[in-house]
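J.: Handing you this structure, nothing more for now.
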Amino acid sequence: MTKTHYVSRRTMLKSAVAGAAAASLPAVPRFANAAEPIKIGMPVALTGPLGGIGAQMRTACEFWAKQVNAKGGLLGRPVELIIEDTAGNPATTVRKAQEMVERNGVRLITCIVASNEALATVPKLAEWDTIFVSGDNGDGRLTGESLVPNFFRPNTSGPMGTRAVALWLRDSPMKNFYGIGMDYAWGHNSMDVFEAEAKRAGKNFLGAVFSPTGTKDFATYIAKIRQSGAEGVYLVLAGDDNNAFLSQAKQYRLSDKIQLLTEQVDEMGLNATGDAAIGMIGGSRYPASLDNPVNKAFVAAWQADYKRLPQMFEGDQYQSCMVLQAGIEKAGSIEAAKLRTALEGLALDTVKGHIVMRACDHQAEQPGFIVKVVKREGMEHPMPEVIATYAADRVTPPCNKMVYDN
Amino acid sequence: MTGWRLFFLAAIVLAAAPFGLPIFAMTLLTEALILGLLAMSLDLMVGYTRLISFGHAAAYGLGAYASGYLLLHTALPLPVAVLAAALLAGVVAIGVAWVCTMATGVSFSMLTLAFAQLLYAVAFKWTSVTGASDGLAGIPRHPGPFGITVFQTKNGYYYLVLVCLLGAYVFCRALVSSPFGAVLRGIRENEAKTLSLGYNTRLYKIAVVALSFALGGLAGALYSPFAGFANTELLFWLFSGQVLIMVIVGGQGTLIGPILGAAFFMLLEHVLSAYTESWALFFGLIFIGFVMFAPQGIWGLLTSRRPKNARI
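Sequences listed follow chains A and B, in order. Just add 19 to wherever you are in the first sequence, counting from 1, and you've got our numbering. Just add 622 to wherever you are in the second sequence, counting from 1, and you've got our numbering.
And the structure:
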């Protein structure tokens, strides 16, 4: 599964010489560069509880790289993906990323799955002189207190996902809410935002429980949710944990009593849990049904290749790849300093419509979507259907912030 | 003494490494030396005193979190923070050892495991100090008041690690050759007999656990500024098991063997994981092979022609 690319010292030396030649002789840079691919490092969790998300993100990157290379590459250079499994462990992620930088000469990183992996990596970016474009990392701090100049987040952040749900909540008749989240950065972070938003909407937040990543048995958590007396329960779960929870919630008929709400409705979970998720309402970072020309072209090409619709993390990661591509084309280089300038303030039409990479905190301003899980006739699996869309200026938080002013 | 000649040769080769190795190999080598220090510290307990610890990750994690915390929240220069963290691990170990040495054999091992898991749970919950599942990220290497910036460079840090490892080796070698070391071996071979000779074996055991933890803590304290990062994984029981494997594969009761074992473990993980996601499976097979066919480990294989050097 894992591809590794060894670069011998001689090759490194050659490319260094070629690079030096390109720098000193402006007449031949295209020629010198043509031999050298643009290497993109992907320390991605392919095994462990986050492996399912990692697989989606990798597929999206591979799809994008194939498209780019079919059109002659980026800046006339082919795109090469260097993929390594991190198993979702931050220490491994840092080590593998460091190896990519020091051994393979990588200067661009994407596809890191978990927020704690990303939080461990970002302090090293300056030393590595490397740009990291997030594909799914949700933790609000990445564009807040932990923001570093070489980090960019084109994807929807956790607080933005929760914000969309909160906006929808304001119009809902439900009064009392409870929460269950995964016991790591993203879980706590999103729950804090939801709590603040629920209270702001004049609702009661009765409390929350947190389950360790990799929890298989949610019986005690489900009991707590039932006992809370809430009308709606907010789920901040992903991957296998989400599947396990939904399957068990169905056994306990939890959704008969309590409306299931979630930060994100992920098709992978829907496929795994069958009908257990029908009726669930939640945010989506990317629903494949979006009606814009870029998305239509993307979905059509995707279906031709994979015979299915792109899933949420695939769409979100693909958008990040598009942003990276536009940045590199604008900068005419993958050098961190030039690329950083190009990415700041970059505006483009992507699969989610028109987005802007904010210069102040490197977060992309983009719309938020609320979907409901339905199963219509002829559908093999339940599917998310967009029931509300909120504009970018309402969904994106103030610069460097994780909470909203209104 | 051929042993010391070999030591100086190894020291010279390692000191020359930055001049010949590519940058990423230096990263791997630095980490291998840190793990080697950790494995060697465990050897004091396992190889010389037959105190099988399933919780040595506790020493490493304590050191790593302590130095990480000090560097993040104070302006202490790097070497001071590292030494303070090692000292803390040693002091904590006195209390731990006092409890754990109430039991012997498997019960002792289980108590060490329990203690390490306790620390793991604490690290997971004590968000304000340990950062919970996020860990401590962006750990700096402060130059301190004298502006010692040499440790901020890759090779400078490598030399710091190398000096710590060599110093710890000389210390451990002297320790196991001393009368204190003789008592430890007495405990290993026959604790009841050693006790009947008038030695308070429990005090000796507490002392060796504290020393072992202090050196293991030193390894951890060197790791977190090296990686720039510390997380709960460093305290997890799986890691304790891996360190024990390093000691056994390298050759217990030899000090040098566990260092080789650590380097071997790291290198193999690195090479195997490039080819297969189930590298741990293959490593397990290699481990079984060592236990069955070469119980004296790598160092035992290397020195088997000279049985007088074997220390098992």
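C-beta: ideal position from N, C-alpha, C; glycine also. All values derive from a computational prediction rather than experimental measurement.
Counting only Cβ pairs nearer than 8 Å, list the residues of chain B close to residue 113 of chain A.
T.: Those are 849, 850, 851, listed as they occur along chain B.
J.: In chain B, which residues lie with their C-beta within 8 Å of the C-beta of residue 85 of chain A?
T.: The premise fails here: residue 85 of chain A is roughly 23 Å from chain B at the closest Cβ pair, so nothing lies under 8 Å.
J.: Are the segment 203-211 of chain A and the segment 171-179 of chain A touching, with three or more C-beta to C-beta distances below 8 Å?
T.: Judged by Cβ distances under 8 Å, the segment 203-211 of chain A makes contact with the segment 171-179 of chain A, as three or more pairs qualify.
J.: Against chain B, does residue 118 of chain A count as a neighbour if the rule is that its beta carbon must be under 8 Å from one of theirs?
T.: Chain B contact via Cβ: present.
J.: Determine the DSSP secondary structure at residue 384 of chain A, reduced to helix, strand or coil.
T.: Residue state, collapsed to three classes: strand.
J.: Kindly provide the ranges of any beta strand (DSSP E) runs that are 3 or more residues long and lie completely inside the segment 858-904 of chain B, ordered along the chain.
T.: Listed in chain order, nothing qualifies, since the segment 858-904 of chain B has no complete beta strand (DSSP E) run of 3 or more residues.
J.: Could you tell me whether any Cβ in chain B is nearer than 8 Å to the Cβ of residue 426 of chain A?
T.: Missing from the structure shown is residue 426 of chain A; chain A here goes from 20 to 425 and no further.
J.: Which residue comes first and which comes last in the beta strand (DSSP E) that contains residue 408 of chain A?
T.: 402-409 is the extent of the beta strand (DSSP E) around residue 408 of chain A.
J.: Is residue 656 of chain B close to chain A, meaning its C-beta is less than 8 Å from at least one C-beta of that chain?
T.: No - not a single Cβ of chain A is within 8 Å of the one on residue 656 of chain B.
J.: Residues of the segment 853-877 of chain B in Cβ contact with chain A at a cutoff of 8 Å, in chain order, please.
T.: Listed by position along the chain: 853, 855, 856.
J.: Please work out which residues of its chain come closer than 7 Å, Cβ to Cβ, to residue 409 of chain A, disregarding the five sequence neighbours upstream and downstream, and give them in chain order.
T.: Excluding residues within five positions, the ones whose Cβ falls inside 7 Å are 183, 186, 386, 387.
J.: Taking contact to mean 3 or more Cβ pairs, one atom from each stretch, closer than 8 Å, check whether the segment 66-74 of chain A and the segment 97-108 of chain A are in contact.
T.: Segments in contact, yes.
J.: Would you list, in chain order, the members of the segment 186-208 of chain A that have their beta-carbon closer than 7 Å to a beta-carbon of chain B?
T.: Hits within the stretch, in order: 202, 203, 204.
J.: Relative to the C-alpha of residue 134 of chain A, which residue among A:83, A:126, A:174, A:308 is closest?
T.: Nearest of A:83, A:126, A:174, A:308 to residue 134 of chain A, Cα basis: A:174.
J.: Could you work out which residues of chain A lie near residue 841 of chain B, taking near to mean beta carbons separated by less than 7 Å?
T.: Ordered by position in chain A, no residue passes the 7 Å Cβ test against residue 841 of chain B, which lies about 15 Å from the chain.
J.: In whole angstroms, what is the alpha-carbon distance linking residue 735 of chain B and residue 402 of chain A?
T.: Rounded to the nearest angstrom, the two C-alpha atoms are 46 Å apart.
J.: Where does residue 695 of chain B land, buried or exposed, given buried means 16+ other C-beta within 10 angstroms?
T.: With fewer than 16 other Cβ atoms within 10 Å, it is exposed.
J.: DSSP puts residue 278 of chain A in a beta bridge; with which residues?
T.: Answer is A:251, bridged to residue 278 of chain A.
J.: Spatial neighbours of residue 165 of chain A within its chain, please: C-beta separation below 7 Å, excluding the five flanking residues on both sides.
T.: Excluding residues within five positions, the ones whose Cβ falls inside 7 Å are 138, 141.
J.: Does residue 48 of chain A come out as helix, strand or coil in the three-state DSSP assignment?
T.: Low confidence applies here, because residue 48 of chain A scores a pLDDT of 39, under 50, leaving its location unreliable and the question unanswered by this model.
J.: Kindly indicate the opening and closing residues of the alpha helix (DSSP H) around residue 329 of chain A.
T.: It is not in any alpha helix (DSSP H) - residue 329 of chain A carries neither H nor E in the DSSP assignment.
J.: Which same chain residues end up closer than 6 Å to residue 79 of chain A when comparing Cβ atoms and leaving out the 5 residues on each side of it in sequence?
T.: 333, 336, 337, listed in sequence order.
J.: For residue 649 of chain B, does the three-state DSSP call read helix, strand or coil?
T.: Helix, per DSSP.
J.: Relative to the alpha-carbon of residue 794 of chain B, which residue among B:658, B:924, B:666 has its alpha-carbon at the smallest distance?
T.: The candidate whose alpha carbon is nearest that of residue 794 of chain B is B:666.
J.: When you compare only the Cα positions, how much space is there between residue 682 of chain B and residue 784 of chain B?
T.: Approximately 17 Å, taken between the alpha carbons.
J.: Under 8 Å by Cβ, that's how I've got residue 865 of chain B and residue 706 of chain B pegged, so tell me the actual separation to the nearest angstrom.
T.: Going by Cβ atoms, the distance from residue 865 of chain B to residue 706 of chain B rounds to 23 Å, so no, they are not a contact pair.
J.: Does the beta-carbon distance from residue 204 of chain A to residue 158 of chain A come in below 8 Å?
T.: Their beta carbons are under 8 Å apart, which means residue 204 of chain A touches residue 158 of chain A by this criterion.
J.: Just checking: is the beta-carbon of residue 172 of chain A within a distance shorter than 8 Å of some beta-carbon in chain B?
T.: Chain B, which has no Cβ nearer than 8 Å to the Cβ of residue 172 of chain A, makes this no.
J.: Output, in chain order, the set of chain A residues within a Cβ distance shorter than 8 Å of residue 696 of chain B.
T.: Within 8 Å Cβ-Cβ: nothing; residue 696 of chain B doesn't reach chain A, min ~18 Å.
J.: Classify residue 257 of chain A as helix, strand or coil using the three-state DSSP reduction.
T.: Reduced to three states, the DSSP call for residue 257 of chain A is coil.
J.: Taking Cβ positions only, does residue 138 of chain A come closer than 8 Å to chain B?
T.: Interface residue, yes.
J.: Which of the three DSSP states, helix, strand or coil, is assigned to residue 303 of chain A?
T.: Looking at residue 303 of chain A - three-state DSSP - the assignment turns out to be strand.
J.: Let's see if you can read the secondary structure: which residues bound the alpha helix (DSSP H) around residue 778 of chain B?
T.: Taken as a continuous stretch (DSSP letters only), the alpha helix (DSSP H) holding residue 778 of chain B covers 776-799.
J.: Bridge partners of residue 723 of chain B, per DSSP?
T.: The partner list for residue 723 of chain B (beta bridge, DSSP) is empty, contrary to what the question assumes.
J.: Here's the rule I'm using: 16 or more other beta-carbon atoms within 10 Å means buried, otherwise exposed. How should residue 309 of chain A be labelled?
T.: Buried, because 16 or more other Cβ atoms sit within 10 Å of the Cβ of residue 309 of chain A.
J.: Consult DSSP for residue 114 of chain A and reduce its assignment to one of helix, strand or coil.
T.: Looking at residue 114 of chain A - three-state DSSP - the assignment turns out to be helix.
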